[in-house]
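**Student:**
Number of protein chains: 2
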Amino acid sequence: MRRPAPVQLPRGRPRSFDTEAAVERAMNVFWSRGYHATALPDLLRATKLSRGSLYAAFGDKHSLFLRALDRYIAIALTRMDTELDHRSEPVDGLRAYLAGYVERNSGANGRRGCLLVATAMELAGRDVEVDRRIGNFFKAMEARVAEAFSRAKAAGQLADGVEPSSAARILVCFVEGLRVVGKTAPTRIISQATVDALLDRFIR
Amino acid sequence: MRRPAPVQLPRGRPRSFDTEAAVERAMNVFWSRGYHATALPDLLRATKLSRGSLYAAFGDKHSLFLRALDRYIAIALTRMDTELDHRSEPVDGLRAYLAGYVERNSGANGRRGCLLVATAMELAGRDVEVDRRIGNFFKAMEARVAEAFSRAKAAGQLADGVEPSSAARILVCFVEGLRVVGKTAPTRIISQATVDALLDRFIR
DNA sequence: CTATTTCAAGATCGATCGGTCCATATATTT
DNA sequence: AAATATATGGACCGATCGATCTTGAAATAG
Numbered sequence: 135m136r137r138p139a140p141v142q143l144p145r146g147r148p149r150s151f152d153t154e155a156a157v158e159r160a161m162n163v164f165w166s167r168g169y170h171a172t173a174l175p176d177l178l179r180a181t182k183l184s185r186g187s188l189y190a191a192f193g194d195k196h197s198l199f200l201r202a203l204d205r206y207i208a209i210a211l212t213r214m215d216t217e218l219d220h221r222s223e224p225v226d227g228l229r230a231y232l233a234g235y236v237e238r239n240s241g242a243n244g245r246r247g248c249l250l251v252a253t254a255m256e257l258a259g260r261d262v263e264v265d266r267r268i269g270n271f272f273k274a275m276e277a278r279v280a281e282a283f284s285r286a287k288a289a290g291q292l293a294d295g296v297e298p299s300s301a302a303r304i305l306v307c308f309v310e311g312l313r314v315v316g317k318t319a320p321t322r323i324i325s326q327a328t329v330d331a332l333l334d335r336f337i338r
Numbered sequence: 135m136r137r138p139a140p141v142q143l144p145r146g147r148p149r150s151f152d153t154e155a156a157v158e159r160a161m162n163v164f165w166s167r168g169y170h171a172t173a174l175p176d177l178l179r180a181t182k183l184s185r186g187s188l189y190a191a192f193g194d195k196h197s198l199f200l201r202a203l204d205r206y207i208a209i210a211l212t213r214m215d216t217e218l219d220h221r222s223e224p225v226d227g228l229r230a231y232l233a234g235y236v237e238r239n240s241g242a243n244g245r246r247g248c249l250l251v252a253t254a255m256e257l258a259g260r261d262v263e264v265d266r267r268i269g270n271f272f273k274a275m276e277a278r279v280a281e282a283f284s285r286a287k288a289a290g291q292l293a294d295g296v297e298p299s300s301a302a303r304i305l306v307c308f309v310e311g312l313r314v315v316g317k318t319a320p321t322r323i324i325s326q327a328t329v330d331a332l333l334d335r336f337i338r
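If you read the sequences in order, they're chains A and B.
First residue of the first sequence: 135, per the numbering used here; consecutive thereafter.
First residue of the second sequence: 135, per the numbering used here; consecutive thereafter.
1) Using beta carbons (cut-off 8 Å, strictly below), is A/S240 in contact with chain B?
2) How close, in whole Å, do the beta carbons of B/I207 and B/R267 come, if the pair is a contact with beta carbons under 8 Å?
3) By the three-class DSSP mapping on this structure, what secondary structure does B/L250 have?
4) B/A356 to A/R335, Cα distance in whole Å?
5) Measure the CB-CB distance between B/L177 and B/L203 and report whether it falls below 8 Å.
6) If you pair each beta-carbon of the stretch 307 to 320 of chain B with each one of the stretch 144 to 160 of chain B, do three or more pairs fall below 8 Å?
7) Using CA atoms only, rank isn't needed, just tell me which of A/A254, A/V157 and A/H196 is closest to A/V314.
8) With 7 Å as the limit, tell me which residues of the stretch 241 to 257 of chain A have their beta carbon closer than that to any beta carbon of chain B; keep them in chain order.
9) Could you check whether the Cβ of B/N243 sits closer than 7 Å to any heavy atom belonging to the ligand MG?
10) Is the CB-CB distance between B/V236 and B/V329 below 8 Å?
11) Kindly indicate if chain A contains any beta-carbon less than 8 Å away from that of B/T318.
12) Is it buried or exposed, A/E310, if we count other Cβ atoms within 10 angstroms and call 16 or more buried?
13) Cβ closer than 7 Å: which chain B residues qualify as neighbours of A/L332?
14) What distance in whole Å lies between the Cβ atoms of A/R229 and A/L333, which are believed to be in contact at a cut-off of 8 Å?
15) A/G259 touches chain B at which residues, Cβ-Cβ below 7 Å?
16) Buried or exposed: which applies to B/N270, given that a residue is buried once 16 or more other Cβ atoms fall within 10 Å of its Cβ?
17) Using the rule of at least 16 other Cβ atoms within 10 Å of the residue's Cβ for burial, across every protein chain shown, is A/F151 buried or exposed?
18) Are the stretch 273 to 289 of chain B and the stretch 210 to 226 of chain B touching, with three or more C-beta to C-beta distances below 8 Å?
19) Skipping 5 residues on each side, what residues in its chain have a beta carbon closer than 8 Å to that of A/T153?
20) List, in order along the chain, the chain B residues whose C-beta lies closer than 8 Å to that of A/D265?
21) State yes or no: is the beta carbon of B/V236 nearer than 8 Å to at least one beta carbon in chain A?
22) To which residues of the same chain is A/V163 closer than 7 Å at the C-beta, ignoring the five residues directly before and after it?
23) Could you tell me which whole beta strand (DSSP E) segments of length 3 or greater appear in the stretch 168 to 236 of chain B?
24) Residues of the stretch 148 to 180 of chain B with a CB closer than 7 Å to any CB of chain A: list them in chain order, please.
25) How many Å lie between B/R136 and B/R149 at the Cα?
26) Is B/I324 close to chain A? Criterion is C-beta to C-beta, closer than 8 Å.
27) Closest by CA to A/V262, which one among B/A258, B/L257, B/E297 and B/R245?
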């Protein structure tokens with residue numbers, strides 16, 4: 135039997151800010167400006183922390199960035215899991231998934247871009263921690279889309295000759311490319327039509 | 135009748151370096167490192183110019199970057215024009231075009247990424263000169279691909295229901311997305327198979 | 001020759017970078 | 001009350017940023 139650990143309360147003044155909220159605010163700054171173009175004062179302003187508090191809580195700019203990136207990835211994967219929920223129709227899930235990209239790619243959202251894509255282009259190949267995260271994310275995303283295509287195929291909803299895993303790779307590349315092109319041409323109607331045209335090539 | 139202009143030779147020591155070669159060397163640095171992460175010493179080392187010469191010739195870092203970006207764009211469009219040459223079969227052209235992306239997306243080439251995509255993500259929305267160039271490039275690229283699809287359709291080589299202009303938009307997004315995913319997973323065989331699978335959905 | 005221009009090399013500039021440190025106030029424990 | 005821990009705000013650090021300027025040699029013209 136394990137004796138319940140004596141809950142030793144810490145002595146001093148407790149932390150008075152929400153760490154996760156600070157990470158989220160920092161995430162938004164990195165998202166809008168990119169890693170190199172984000173300066174410490176930007177982060178201090180966004181998190182409303184003093185230099186001392188920020189460094190005590192997160193170590194340094196790079197560590198805070200990784201925390202922000204992890205949060206961004208977690209949000210994206212969670213969203214995908216609801217969009218591609220296995221309890222609903224796989225084709226509906228794929229449509230919802232693509233509709234989400236159209237939405238995030240329109241107007242100001244589109245011009246803001248995608249933290250993952252921006253990070254991949256800015257830091258991948260020069261930062262092993264970033265490499266791992268980006269690579270794993272794309273793999274996870276591809277796996278989820280492939281699973282949806284796989285269920286669609288089992289339900290006889292795919293066009294002849296469509297292979298779920300390669301269709302998933304196509305879709306992943308396509309949506310990431312949407313994010314790139316959307317930086318300068320974030321027109322919702324065209325994005326939606328393009329998405330529909332692509333899905334039409336796969337769906338029976 | 136116009137009298138031939140008296141060719142007044144300049145007095146001093148003539149320029150002893152090739153401006154365009156310097157732009158190309160600078161382009162390679164921006165390409166490998168990105169705009170913000172490229173420091174003046176990087177450019178001086180690559181161009182083998184002194185600070186004074188570089189500033190006299192190009193004005194400042196930003197202007198030199200635009201020159202480099204223009205060169206990158208010119209190279210890309212010229213290459214497309216030969217790949218999609220209207221004198222050869224449009225489907226062959228599209229295959230050549232995609233094969234080029236597979237090549238540039240493999241191994242070290244892939245890890246280096248694409249200056250246009252990186253610039254779009256890093257600077258678009260915060261630099262009007264960059265915005266214009268990126269937007270025009272994507273438009274020009276899409277137009278060329280659409281023209282190839284259009285010729286393929288006229289030759290009866292497209293699958294039923296494929297519309298050239300939306301197929302072109304799909305392809306452009308796809309190849310730019312390839313560049314993103316290729317930053318961490320530049321595997322030639324998978325890229326080639328994915329490209330083939332996509333084209334199969336369009337070609338009869 | 002002199003005048004002119006460009007070259008490389010580097011000193012120098014103010015601004016800003018990421019990061020550390022300190023003084024002081026505050027909030028919580030024992 | 002005493003001890004402990006965290007908060008803020010700002011001073012401060014060395015390094016580096018992009019950019020300017022100086023110096024003296026080299027290459028061309030008249």
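Here a beta-carbon is modelled for each residue, glycine too, at the ideal position from N, C-alpha and C.
Bear in mind that the values here come from a model prediction, so they are computed numbers and not experimental data.
**Tutor:** Taking the coordinates as given:
1) As a first step, residue 240 of chain A must be located in the first sequence, where it is residue number 106. No, A/S240 lies away from the interface with chain B (no Cβ there is under 8 Å from its Cβ).
2) Counted from its first residue, the second sequence places residue 207 of chain B at position 73. Counted from its first residue, the second sequence places residue 267 of chain B at position 133. So it is a contact: roughly 6 Å between Cβ atoms.
3) Residue numbering aside, residue 250 of chain B sits at position 116 when the second sequence is read from its first letter. Assigned with DSSP and collapsed to three states, B/L250 falls in helix.
4) This structure gives no information on residue 356 of chain B, because the portion of chain B shown stretches from 135 to 338.
5) The count along the second sequence starts at 1 and reaches residue 177 of chain B at position 43. The count along the second sequence starts at 1 and reaches residue 203 of chain B at position 69. B/L203 sits away from B/L177, with the two beta carbons spaced by 8 Å or more.
6) No contact exists between the stretch 307 to 320 of chain B and the stretch 144 to 160 of chain B.
7) Residue numbering aside, residue 314 of chain A sits at position 180 when the first sequence is read from its first letter. Checking every option, the nearest Cα to that of A/V314 belongs to A/A254.
8) Answer set for the stretch 241 to 257 of chain A: R245, G247, V251, A252, A254, M255 and E256.
9) The ligand MG is not part of the structure shown, which contains no ligands of any sort.
10) Position 102 of the second sequence, counting from 1, holds the residue named residue 236 of chain B. Position 195 of the second sequence, counting from 1, holds the residue named residue 329 of chain B. For the pair B/V236 and B/V329, the CB atoms are nearer than the 8 Å cut-off.
11) Your numbering for residue 318 of chain B matches position 184 in the second sequence. For B/T318, the answer is yes, since a Cβ of chain A falls inside 8 Å of its Cβ.
12) Here the question's residue 310 of chain A lines up with position 176 in the first sequence. Under this definition A/E310 is a buried residue.
13) Position 198 of the first sequence holds residue 332 of chain A. Within chain B, the residues near A/L332 are I304.
14) Within the first sequence, numbered from 1, the residue matching residue 333 of chain A stands at position 199. Within the first sequence, numbered from 1, the residue matching residue 229 of chain A stands at position 95. Contact between A/L333 and A/R229 holds: CB atoms are separated by about 7 Å, below the 8 Å threshold.
15) Position 125 of the first sequence, counted from the first residue, corresponds to residue 259 of chain A. Within 7 Å Cβ-Cβ: R245 and K317.
16) Mapped onto the second sequence, residue 270 of chain B falls at position 136. When all chains shown are included, B/N270 counts as exposed.
17) The sequence position of residue 151 of chain A within the first sequence is 17, counting from 1. The residue is exposed, with fewer than 16 neighbouring Cβ atoms inside 10 Å.
18) Yes, the stretch 273 to 289 of chain B is in contact with the stretch 210 to 226 of chain B.
19) Reading the first sequence from its first residue, position 19 is the one you call residue 153 of chain A. Same-chain partners within the cutoff: A191.
20) For this step, residue 265 of chain A is matched to residue 131 along the first sequence. Neighbours of A/D265 on chain B, chain order: T318.
21) Here residue 236 of chain B refers to the residue found at position 102 of the second sequence. Taking CB atoms only, B/V236 has no neighbour in chain A less than 8 Å away.
22) Here residue 163 of chain A corresponds to residue number 29 of the first sequence, with the count starting at 1. Contacts found: T172, D176, L177 and A180.
23) As far as the stretch 168 to 236 of chain B is concerned, it has no whole beta strand (DSSP E) run of at least 3 residues.
24) G168, H170 and A171: these are the residues of the stretch 148 to 180 of chain B whose beta carbon lies less than 7 Å from some beta carbon of chain A, given in chain order.
25) On the second sequence, position 2 is the one that residue 136 of chain B refers to. On the second sequence, position 15 is the one that residue 149 of chain B refers to. Confidence is the limiting factor: at B/R136 the pLDDT is only 49, short of 50, which leaves the residue's position unreliable, though a coordinate-based value still follows. In a straight line, the C-alpha of B/R136 is about 30 Å away from that of B/R149.
26) Translated into the one-based positions of the second sequence, residue 324 of chain B becomes position 190. Residue contact check for B/I324 against chain A: a CB pair falls below 8 Å.
27) Taking the first sequence and counting its residues from 1, the one referred to as residue 262 of chain A is at position 128. If we check each option's Cα against that of A/V262, B/R245 comes out closest.
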